[in-house]
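*Asks:* Count along the sequence shown starting at 1, add 34, and that's the number in the numbering used here.
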Amino acid sequence: MRFIEAGPDSPVIRELTRRVSGDVCTLQWQWPAGTDSVYVGRRALDAEHDLTSDAESVTFGPDGGFDASGLKLYTREEYKTAGGYRDRLNGIGRYVYMVYAAMPGSGDPVLIRQPDGSNIVETPAGRAKIRYAIREKKPLFRAFKTVKIEISCEVPLAEDVLCYVKKSGSHPTGPQDGTMYPFAAPFPAGRTGLPEIEVGKNDYVRVFFTDGKKYGQLYELLPE
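1. Take G118 as the anchor and find which of I183, V241, P222, Q64 has the nearest alpha-carbon.
2. So does the region 64–80 actually touch the region 175–192, counting three or more Cβ pairs closer than 8 Å?
3. Rounding to the nearest angstrom, what Cα-Cα distance links T180 and I168 in this structure?
4. Quick one: what does DSSP say P220 is sitting in, helix, strand or coil?
5. In this structure, how does DSSP classify T244 when only helix, strand and coil are distinguished?
6. If distances are taken between C-alpha atoms only, which option among T213, Y215, T60, L145 comes closest to E156?
7. Are the CB atoms of R52 and Y131 within a distance shorter than 9 Å?
8. For L107, I'd like the list of residues in its chain whose CB is within less than 7 Å of its CB, leaving aside the five on either flank, ordered along the chain.
9. Could you tell me whether the region 195–207 touches the region 139–155, using the rule of 3 or more Cβ pairs below 8 Å?
10. Do N236 and S202 have their CB atoms nearer than 9 Å?
11. Along the chain, which unbroken stretches of the alpha helix (DSSP H) at least 4 residues long are found entirely within the region 88–172?
12. Exposed or buried, which one is L50 when buried takes at least 16 other CB atoms within 10 Å?
13. Report buried or exposed for I38, applying the criterion of at least 16 other Cβ atoms within 10 angstroms of its Cβ.
14. So is Y253 buried or exposed if we call it buried at 16+ other beta carbons inside 10 Å?
15. Relative to the C-alpha of E232, which residue among F221, K172, E111 is closest?
16. Run through the DSSP bridge pairs and tell me what S71 is partnered with.
17. Between F217 and E188, how many whole angstroms is the CB-CB distance? I'm expecting something under 8 Å.
18. So L79 and Y129 are in contact, right, with Cβ under 8 Å, and what is the actual spacing, rounded?
19. Could you check which residue in G160, G208, I47 has the C-alpha nearest to that of F243?
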């Protein structure tokens, strides 16, 4: 098996799309004329994937493409029967799929590398659940109250994934709606109770992702 760069007349993959239903991802694309087979690979992009149980995961080779040993042959007839290429997603985080058109002919497969990336698509897999609880104590005759935050997560978290936000007068609606405080240490899987903090009687605290667009693909943040 070897790769060649796509030329003006090379059969290439176009209009590659993905659809996820439950834990099944379906890839569809426009088949190039004269080609009846492709090679498909996937790679986990996040450390939360359990690659040891993922027989179809592949690695990137030194040229930036998929290691050819992890690619799976898929024919046009299989595609027609299944209505696309179906793959079960396991773990959490993101996968990237790459589909290579195979040059027609005999001998070792010759696959077309597409520098424009139109044969590559990324998809999220499952999201790990993170639950947080905020418990308040309001001592009598004091201008302050204490707040205790508890975090429960299915997988370990780096310290920069979450933050808590304090706002006076109402509950904060996002990491920029008040004063943001980062957490000082990572969270192990399971439940972690943080030291109590002291805030004003009219202050409210909530937990947010530091970057919702980035971490919202990997985790689901839920209040208890």
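For each residue, glycine too, the CB sits at the ideal point set by N, CA and C.
*Replies:* Let me spell this out:
1. The residue with the shortest Cα to Cα distance from G118 is Q64.
2. Not touching, per the Cβ criterion.
3. Straight-line Cα distance between these residues: approximately 10 Å.
4. Of the three classes helix, strand and coil, the one that applies to P220 here is coil, per DSSP.
5. The three-state reading of DSSP puts T244 in coil, since its state is none of H, G, I, E or B.
6. Here the closest residue by C-alpha is T60.
7. Yes, the pair counts as a contact, with Cβ atoms nearer than the cut-off.
8. Correct list, in chain order: S71, Y73.
9. The answer is no - the region 139–155 does not touch the region 195–207, with fewer than three Cβ pairs under 8 Å.
10. Yes.
11. Segments of the alpha helix (DSSP H) lying fully in the region 88–172: 110–116.
12. L50 comes out buried.
13. By the beta-carbon neighbour count (other beta carbons within 10 angstroms, threshold 16), I38 is exposed.
14. Looking at its Cβ environment, which holds 16 or more other Cβ atoms inside 10 Å, Y253 is buried.
15. Closest by C-alpha distance to E232, out of F221, K172, E111, is K172.
16. DSSP lists T109 as partners of S71.
17. Contact annotation, F217 with E188: C-beta distance approximately 17 Å; criterion of less than 8 Å not satisfied.
18. About 7 Å separates the two Cβ atoms, so the contact holds.
19. Considering only alpha carbons, the answer is G208.
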